[in-house]
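A.B. asks:
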Amino acid sequence: MNDFIKDTTEIPSLSFGAPEPEPELPVQQPEEKKEVMDDSVLSDEQKAMVNAFVSQIDLANTNGILQYGAGAQKKMADFSEKTLENVRSKDLGEIGDLLTSVVTELKTFDAEEEKGPFSFFKKSTNKLNAMKAKYDKAEVNVNKICDVLDGHQRQLLKDIAILDQMYAQNLNYFKELTMYILAGKKKLELVRSTELRDLQNKAQMTGKAEDAQAAKDLEDLCNRFEKKLYDLELTRMVSIQTAPQIRMIQNSNSVMAEKIQSTLVNTIPLWKNQMIIALGVHHSTEAAKAQRQVSDMTNELLKKNAENLKMATIETAKESERGIVDMETLKQTNQSLISTLDEVMKIQEDGRQKRAAAEVELVQLENDIKKKMLELSAGGQH
1 MNDFIKDTTE IPSLSFGAPE PEPELPVQQP EEKKEVMDDS VLSDEQKAMV
51 NAFVSQIDLA NTNGILQYGA GAQKKMADFS EKTLENVRSK DLGEIGDLLT
101 SVVTELKTFD AEEEKGPFSF FKKSTNKLNA MKAKYDKAEV NVNKICDVLD
151 GHQRQLLKDI AILDQMYAQN LNYFKELTMY ILAGKKKLEL VRSTELRDLQ
201 NKAQMTGKAE DAQAAKDLED LCNRFEKKLY DLELTRMVSI QTAPQIRMIQ
251 NSNSVMAEKI QSTLVNTIPL WKNQMIIALG VHHSTEAAKA QRQVSDMTNE
301 LLKKNAENLK MATIETAKES ERGIVDMETL KQTNQSLIST LDEVMKIQED
351 GRQKRAAAEV ELVQLENDIK KKMLELSAGG QH
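At the far end of the sequence shown sits residue 382, using full-length UniProt numbering, and the numbering has no gaps.
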């Protein structure tokens, strides 16, 4: 397509073979005006070129008539062929397939989720890791496709600029063909209204065969030139049809470039952001769960410590209020001592009365009392 990059501002030029120089004839308007081609597409300078070129056209120059406008036709034919080659070589279907591949990658990843992009966080850690791995794989595939799409987008933007130049060049060919046709029609009308009419009148007046043949020859030349002009009009119609075709191609390229742009700057970043947000939510959930577990453990430890502290405090208070020897033990010991003393006193009293008679028994009793005292002393210590 780079062959089309030319200076599209050049003014079309007209040429009629290589005829011998001849004096310029004034352009005469026919007596009866006929419908002529619309020349509004031409500038004033180009219209002046058309009027000036009319005098250079020689219907008797067979080679000149044969080559009349042929250069413009050849350029238009080559231009149309190259335009067609450009359309054939531009496989927009490949770009469409790439865009479809991106969507397929994203849908395939999301299709495995039962309740949207966040539902897998309710599953196990192994499942989460598996999803992360799938996301990483999908991201690699998507990035590869996006790299290719980015290259296509740059090429499409270049093609759009070149198509603008192609459109301008096609318009230039259209103007050139229009100028040839306008000049030819004016020449044809001029010859028929002047030279041909004069020859026909002369043939009728003289009745000579050579005069009639001269009129017939000029009329044949006019007819052949008229057919040549019609052929140029067909070529001009190709140029007219090429203009919207170029715009259609350009529009298709623009639409495809916009789709690529939307995919690169909207779809892919949104998909990645969705995953980042999802992972962030999961991490926050896990952190909150861990914090809750720490708080629960702290509260449990505080409760247990408080219970243990309560029990220890109560027992300590009890022990601190308790004497070394229980009061009941002192009472029992005191009573035993009093009883013992009473019994001793009674024994002593009886002993004095019976000492003489029961010396041996007194000794025994004394031993018993000592023994009892020892027992009482031992019991008191416990």
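Where a beta carbon is used, it is the ideal one built from N, C-alpha and C, also for glycine.
Values in this document were obtained by computation on a predicted structure and should not be read as measured data.
State yes or no: is the C-beta of ARG218 within less than 8 Å of the C-beta of LEU196?
C.D. replies: Residue numbering aside, residue 218 sits at position 218 when the sequence shown is read from its first letter. Residue numbering aside, residue 196 sits at position 196 when the sequence shown is read from its first letter. Rather than Arg, the amino acid found at residue 218 in this sequence is Leu. Taking 8 Å as the Cβ cut-off, LEU218 and LEU196 qualify as a contacting pair.
A.B. asks: Whole-angstrom Cβ separation of LEU188 and LEU229, contact assumed at under 8 Å?
C.D. replies: What you label residue 188 is simply residue 188 of the sequence shown in a count that begins at 1. What you label residue 229 is simply residue 229 of the sequence shown in a count that begins at 1. About 7 Å separates the two Cβ atoms, so the contact holds.
A.B. asks: Nearest to ASN251 by alpha carbon, out of ASP159, ASN143, LEU374?
C.D. replies: As a first step, residue 251 must be located in the sequence shown, where it is residue number 251. Closest by alpha carbon: ASP159.
A.B. asks: Can you check whether the CB of LEU59 is closer than 8 Å to the CB of LEU221?
C.D. replies: Locating residue 221 in the sequence shown gives position 221, where the first residue counts as 1. Locating residue 59 in the sequence shown gives position 59, where the first residue counts as 1. LEU59 is positioned such that its CB atom lies closer than 8 Å to that of LEU221.
A.B. asks: Whose C-beta lies closer than 7 Å to the C-beta of ARG236 among residues of the same chain, with five residues either side of it excluded?
C.D. replies: Residue numbering aside, residue 236 sits at position 236 when the sequence shown is read from its first letter. Counting only Cβ-Cβ distances below 7 Å, and skipping sequence neighbours, we find PHE174, LEU177, THR178, ILE181.
A.B. asks: Counting only runs that start and end within the segment 197-247, where is the alpha helix (DSSP H) found for 4 or more residues in a row?
C.D. replies: Runs of the alpha helix (DSSP H) inside the segment 197-247: none found.
A.B. asks: Would you tell me roughly how many angstroms separate the C-alpha atoms of ASN2 and GLY69, rounded to the nearest one?
C.D. replies: Here residue 2 is taken as the residue at index 2 of the sequence shown, counted from 1. Here residue 69 is taken as the residue at index 69 of the sequence shown, counted from 1. Only weak support is given to the placement of ASN2: the predicted model assigns it a pLDDT of 46, under 50, and the value that follows is read from those uncertain coordinates. Cα-Cα distance, rounded: 25 Å.
A.B. asks: Would you decide whether GLN239 is buried or exposed? Buried here means 16 or more other CB atoms lie within 10 Å of its CB.
C.D. replies: Working through the sequence shown from its first residue, we reach residue 239 at position 239. One detail in the question is off: residue 239 reads as Ser in this sequence, not Gln. Per the 10 Å Cβ criterion, buried.
A.B. asks: Is the beta carbon of ILE249 closer than 8 Å to that of LEU149?
C.D. replies: In the sequence shown, counting from the first residue as 1, residue 149 sits at position 149. In the sequence shown, counting from the first residue as 1, residue 249 sits at position 249. Result no, Cβ atoms of LEU149 and ILE249 do not sit closer than 8 Å.
A.B. asks: Within a Cβ cutoff of 6 Å, which residues of the same chain sit near ILE246, ignoring the five residues on either side of it in sequence?
C.D. replies: As a working mapping, residue 246 is identified with position 246 in the sequence shown. These residues qualify, in order along the chain: LEU163, MET166, TYR167.
A.B. asks: Over what stretch of residues does the alpha helix (DSSP H) that includes ASN51 continue unbroken?
C.D. replies: Taking the sequence shown and counting its residues from 1, one reaches residue 51 at position 51. Under the DSSP assignment, ASN51 falls in the alpha helix (DSSP H) whose first and last residues are 44-53.
A.B. asks: What do you get for residue 383, buried or exposed, if any count of 16 or more other CB atoms within 10 angstroms of its CB means buried?
C.D. replies: Residue 383 cannot be examined here, being either before or after the span of the chain that is shown, 1 to 382.
A.B. asks: On the criterion of 16 or more Cβ atoms from any shown chain inside 10 Å, does ALA317 qualify as buried, or is it exposed?
C.D. replies: Position 317 of the sequence shown, counted from the start, is the residue given in the question as residue 317. Counting Cβ neighbours within 10 Å, ALA317 comes out exposed, since fewer than 16 surround it.
A.B. asks: Pick helix, strand or coil for ASN61, following the three-state DSSP scheme.
C.D. replies: Within the sequence shown, the letter at position 61 stands for residue 61. Coil, per DSSP.
A.B. asks: Around the Cβ of ASN172, are there at least 16 other Cβ atoms within 10 angstroms (buried) or fewer (exposed)?
C.D. replies: Counting from 1 along the sequence shown, the entry for residue 172 is found at position 172. Answer is buried; the Cβ neighbour count reaches 16.
A.B. asks: Report buried or exposed for ASN253, applying the criterion of at least 16 other Cβ atoms within 10 angstroms of its Cβ.
C.D. replies: Locating residue 253 in the sequence shown gives position 253, where the first residue counts as 1. Label assigned to ASN253: buried.
A.B. asks: Give the straight-line distance between the Cα atoms of GLU114 and VAL255, rounded to the nearest whole angstrom.
C.D. replies: As a working mapping, residue 114 is identified with position 114 in the sequence shown. As a working mapping, residue 255 is identified with position 255 in the sequence shown. Any reading at GLU114 must be qualified, since the residue scores a pLDDT of 45, below 50, and its modelled position is unreliable; no value is offered.
A.B. asks: Looking only at C-alpha atoms, which of THR242, LYS144, LEU42, ASP38 sits nearest to GLU81?
C.D. replies: Position 81 of the sequence shown, counted from the start, is the residue given in the question as residue 81. Closest by alpha carbon: THR242.
A.B. asks: When the distance is taken between beta carbons, is LEU376 closer than 8 Å to LEU341?
C.D. replies: In the sequence shown, counting from the first residue as 1, residue 341 sits at position 341. In the sequence shown, counting from the first residue as 1, residue 376 sits at position 376. Cβ atoms of LEU341 and LEU376: not closer than 8 Å.
A.B. asks: Going by C-alpha distance, which of LYS370, ASP211, ALA161, GLY379 is nearest ASN334?
C.D. replies: As a first step, residue 334 must be located in the sequence shown, where it is residue number 334. For ASN334, the nearest C-alpha among the options comes from GLY379.
A.B. asks: Taking Cβ to Cβ, would you say ILE65 is nearer than 8 Å to ARG192?
C.D. replies: As a position in the sequence shown, residue 65 is number 65, starting the count at 1. As a position in the sequence shown, residue 192 is number 192, starting the count at 1. No, they are not a contact pair.
A.B. asks: Compute the Euclidean distance between the alpha carbons of GLY184 and CYS146, then round it to the nearest angstrom.
C.D. replies: To locate residue 184, count along the sequence shown from 1; it is residue 184. To locate residue 146, count along the sequence shown from 1; it is residue 146. So the two alpha carbons sit approximately 56 Å from each other.
A.B. asks: If you draw a straight line from the alpha carbon of LEU234 to that of LYS227, how long is it in whole angstroms?
C.D. replies: Here residue 234 corresponds to residue number 234 of the sequence shown, with the count starting at 1. Here residue 227 corresponds to residue number 227 of the sequence shown, with the count starting at 1. Roughly 11 Å separates the two Cα atoms.
A.B. asks: Measure how close the beta-carbons of GLN261 and GLN169 come, nearest whole angstrom, since I'm counting them as under 8 Å.
C.D. replies: Reading the sequence shown from its first residue, position 261 is the one you call residue 261. Reading the sequence shown from its first residue, position 169 is the one you call residue 169. The pair is not a contact, with the Cβ atoms about 28 Å apart (cut-off 8 Å).
A.B. asks: Between LYS371 and SER339, what straight-line distance do the alpha-carbon atoms span, to the nearest angstrom?
C.D. replies: Numbered from its first residue, the sequence shown carries residue 371 at position 371. Numbered from its first residue, the sequence shown carries residue 339 at position 339. LYS371 and SER339: Cα-Cα distance of roughly 15 Å.
A.B. asks: Can you find a C-beta in chain D that's less than 8 Å from the C-beta of ALA72?
C.D. replies: Here there is only one protein chain, and chain D is not present.
A.B. asks: So what's TYR173 in DSSP terms, helix, strand or just coil?
C.D. replies: The sequence position of residue 173 within the sequence shown is 173, counting from 1. Note: TYR173 maps to helix in three-state DSSP.
A.B. asks: Quick one: using the 10 Å Cβ neighbour count with 16 as the cut-off for buried, is THR100 buried or exposed?
C.D. replies: As a first step, residue 100 is located in the sequence shown; it is residue number 100 there, counting from the start. When all chains shown are included, THR100 counts as exposed.
A.B. asks: Just confirm the distance between the C-beta atoms of GLN73 and LEU232, as a whole number of angstroms; I'd bet it's less than 8 Å.
C.D. replies: Numbered from its first residue, the sequence shown carries residue 73 at position 73. Numbered from its first residue, the sequence shown carries residue 232 at position 232. Confirmed, Cβ separation roughly 7 Å.
A.B. asks: Between ALA203 and the rest of its own chain, which residues show a CB-CB distance below 7 Å, the 5 nearest in sequence each way excluded?
C.D. replies: As a position in the sequence shown, residue 203 is number 203, starting the count at 1. Correct list, in chain order: ASP211, ALA212, ALA215.
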